[in-house]
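Undergrad:
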Amino acid sequence: QGKKDGRGTFRVFKSAMDVELRARAQLEGALRAAIQSGEIEPFYQPVVSLPGRELIGVEVLARWRHPERGLLAPAQFIPIAEETGLIADLSYRLLRQACLDARDWPAHLQIAVNIAPQQFQDAWLCERILAILTETGLPPHRLEVEITETALVQDLEAARTTLTSLQNLGVRIALDDFGTGYSSLYHLRELKFDKLKIDRRYVDTITMSDERAKLVDAIIKLSASLGLVTTAEGIESDASLDWLAGQGCDFGQGYLFGAPMPKGEMDFLLTRSSEPAEPRKVA
Ligand code: C2E
Ligand code: MG
Ligand code: MG
Ligand code: MG
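With the sequence shown counted from 1, adding 238 to any position gets you UniProt numbering.
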C-alpha cells in the first residue's frame, strides 16, 4: 500500500513501522525486567456462591505496577508476554505468589489462575504446577486452572492428557469465557471440565432482552446437565444476580461483589467478614 502512494509516503510508513517496532522491543525489555523484579503482582477478585453471596474463592488477575505509568491492566501486557514467550515465566511467578498469599487465608478459600493457550502446550505444565504447590504447601484441591478454548484447538489429545493429569492431582479445570470460542459444544463433548464460566458479554445482557436471557438460561442448564458447576462473570447489578441465582447458576463474580484488589485489601475484607457478628458476605 505504501508503494502505491509514492516513495515519500512509503518512507513515512516505513519509519512509522520502525518506531512501532522499537517501542515494542522497548516494552518487551521492560516487561522482562518487570517480571524479574516482581512488578507483576497478583490482584484478587472475589468469587461468591449464589444466592448466598458467600465468598468461596478468588480469581488471580495480573497487574503490572509500573513505576511511571501506574497500574496496568492485563490487556496492556499479557498479549506481549504471549508473543514473546514471557508468559510462562510471568504466570508461574504469579501462581507462586498467589499460593503464598492464599496460605494467609481460610483453608476453604480457592484460588483460580488463568493459563494462556501457549502455556497449555507446555509438556511440563503439570509438573511445574505440582512443583509450585509442593514448594508453597498449597493443597491441590484449593487450586483451579482457567483455560479458554484457544488452548484446545491445537491438539485435542494433548489437551486431554494435560487436563486429566491436572485433575488427577486434584486441581480443577474451568472453561473460561464460555460462549466466545469457535466450537464450545464440541469441546464440552470431547473434554471433561469441572466448571464453566459464562463470559461477561453474555451476563451483562441478560436484563436487556428475553432472547438473551433464554440463551444464558440454556447455558446454565447445559452445564448442570453435564455435571459441571457454573460461574457467571461480570455481575454488576442486583437484578442480574437475582435472575442468575433463580436459574440455578452456582457462583458469581463481578463488580457487584468486588473488583480485583491487591492482597492487602483482600486480607482486610477477610478479617472484616470473619468477625462473628457479621455473616460472611462480600457485598
Ligand atoms: P478473564 O479471565 O475473563 O477475567 C475476568 C475479567 O473481567 C477481568 O479483567 C476482571 O477485572 C473483569 N471483570 C470482572 N468483573 C467485572 C464486572 O463486573 N464488570 C466488568 N466490566 N469487568 C469485570 P482483567 O483483570 O482486565 O483481565 C482481563 C483478561 O486478561 C482476563 O479475562 C484473562 O483472560 C487475562 N488475564 C488476566 N490475568 C492473567 C494471567 O495471569 N495470565 C493469563 N494468561 N491471562 C490473564
Ligand atoms: Mg479467567
Ligand atoms: Mg473469564
Ligand atoms: Mg471473560
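Backbone N, C-alpha and C fix where the C-beta goes; we use that ideal spot for every residue, glycine too.
On a Cα-Cα basis, can you pick out the residue from Leu376, Leu310, Ser421, Ala326 that is closest to aspartate 339?
TA: Per the Cα distances, Leu376.
Undergrad: List the whole-angstrom C-beta distance separating alanine 300 from proline 312, where the pair is believed to meet the contact cut-off of C-beta under 8 Å.
TA: Their Cβ separation, rounded to whole angstroms, is 5 Å, which keeps alanine 300 and proline 312 in contact under 8 Å.
Undergrad: Should arginine 439 go down as buried or exposed, given a rule of 16 or more other Cβ atoms within 10 Å for buried?
TA: When all chains shown are included, arginine 439 counts as exposed.
Undergrad: With C-beta atoms as the reference, is tryptophan 302 less than 7 Å away from glutamate 266?
TA: no
Undergrad: Just how far apart, CA to CA, sit isoleucine 294 and threonine 399?
TA: 28 Å
Undergrad: Confirm the yes/no value for this check: CB of asparagine 406, any heavy atom of ligand 2, distance under 6 Å.
TA: no
Undergrad: Can you tell me whether tryptophan 343 is buried or exposed? The criterion is at least 16 other CB atoms within 10 Å of its CB, across all chains shown.
TA: Counting Cβ neighbours within 10 Å, tryptophan 343 comes out buried, since at least 16 surround it.
Undergrad: With distances taken Cα to Cα, identify the nearest neighbour of leucine 328 among Thr386, Phe416, Ala268.
TA: Ala268
Undergrad: When a residue counts only if its C-beta is closer than 5 Å to some heavy atom of ligand 2, which residues count, in chain order?
TA: Asn352, Glu384, Asp414
Undergrad: Which residue from Lys435, Glu320, Leu413 puts its Cα closest to that of histidine 425?
TA: When only C-alpha atoms are compared, the closest one is Leu413.
Undergrad: Report buried or exposed for serine 461, applying the criterion of at least 16 other Cβ atoms within 10 angstroms of its Cβ.
TA: buried
Undergrad: Tell me where the alpha helix (DSSP H) around valine 409 begins and ends.
TA: It is not in any alpha helix (DSSP H) - valine 409 carries neither H nor E in the DSSP assignment.
Undergrad: Please report the straight-line C-alpha distance between leucine 494 and leucine 401, rounded to a whole angstrom.
TA: 32 Å
Undergrad: When you measure from the CB of isoleucine 349 to every non-hydrogen atom of ligand 1, does any distance come out below 6 Å?
TA: no
Undergrad: Would alanine 389 and proline 355 qualify as a contact pair, given that the criterion is a beta-carbon distance under 7 Å?
TA: yes
Undergrad: I'd like the ranges of any beta strand (DSSP E) spanning at least 3 consecutive residues and lying wholly in the stretch 339 to 427.
TA: Listed in chain order, the beta strand (DSSP E) elements of length 3 or more contained wholly in the stretch 339 to 427 are 348 to 352, 381 to 385, 410 to 416.
Undergrad: What did DSSP end up calling proline 284 once you bin it into helix, strand or coil?
TA: strand
Undergrad: Distance, Cα to Cα, residue 180 vs glutamate 306?
TA: Given that the chain is displayed from residue 239 to residue 521, the structure contains no residue 180 and the question cannot be resolved.
Undergrad: For phenylalanine 506, which three-state DSSP category applies?
TA: Assigned with DSSP and collapsed to three states, phenylalanine 506 falls in helix.
Undergrad: So, alanine 483 versus leucine 363, is the Cβ gap smaller than 7 Å?
TA: no
Undergrad: For aspartate 448 and isoleucine 316, I'd like the C-alpha separation in whole angstroms.
TA: 36 Å
Undergrad: For aspartate 505, which residues in the same chain have their Cβ closer than 7 Å to its Cβ, ignoring the five residues on either side in sequence?
TA: Counting only Cβ-Cβ distances below 7 Å, and skipping sequence neighbours, we find Asp342.
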